[in-house]
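Here our numbering is used: the first residue of the sequence shown is 1065, the next is one more, and so on. Where is the CB? At the ideal position from N, CA and C, for every residue including glycine. Contents: one structure, followed by commentary.
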Amino acid sequence: MKNLIQSIIQRVVVRGCIFDAHSIIEYLLLNHSDDYLSSYRTGNTEYYHSEISKIIATFEGSIIERIGESWSRNIHNNFTKNICWKKI
1065 MKNLIQSIIQ RVVVRGCIFD AHSIIEYLLL NHSDDYLSSY RTGNTEYYHS
1115 EISKIIATFE GSIIERIGES WSRNIHNNFT KNICWKKI
């Protein structure tokens, strides 16, 4: 999953674009649903998405920078607070 997320950030996210984990999760669901589902191990959706966010954060300083927080809709159509990153 880490390599796939890195590839999405490098190849799909436009330089200067501000995004959050929901952006990456939505892209995974729409374009890599088998990978998304096969990487799910234990816990609930919230926990799994938190793990995806932690993977994204591992790229801070190399291909993205953390710029704050936002509220965006999750896959349950509810607004939740998220870390925002900017592709550098």
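Practice item. In angstroms with no decimal places, state the Cα-to-Cα distance between F1123 and I1116. Key: Locating residue 1123 in the sequence shown gives position 59, counting from the first residue. Locating residue 1116 in the sequence shown gives position 52, counting from the first residue. Those two C-alpha atoms are separated by around 12 Å.
Practice item. Tell me whether the beta-carbon of S1096 lies closer than 8 Å to the beta-carbon of N1146. Key: Within the sequence shown, residue 1096 is the residue found at index 32, counting from 1. Within the sequence shown, residue 1146 is the residue found at index 82, counting from 1. Note that residue 1096 corresponds to His in the displayed sequence, not to Ser. Between H1096 and N1146, the CB-CB gap reaches or exceeds 8 Å.
Point to revise | Neighbourhood of M1065 by C-beta, 6 Å cutoff - its chain only, sequence neighbours within 5 removed | key: The sequence position of residue 1065 within the sequence shown is 1, counting from 1. The beta carbon of M1065 sits closer than 6 Å to those of S1103, all from its chain and outside the five residues before and after it, given in chain order.
Review point. Based on the DSSP output, what are the partners of N1146 in its beta bridges?
Key: Walking along the sequence shown from the start, residue 1146 turns up at place 82. The partner list for N1146 (beta bridge, DSSP) reads S1134.
Review point. Is the beta carbon of I1088 less than 8 Å from the beta carbon of I1072?
Key: Indexing the sequence shown from 1 puts residue 1088 at position 24. Indexing the sequence shown from 1 puts residue 1072 at position 8. Cβ distance < 8 Å, so I1088 and I1072 count as in contact.
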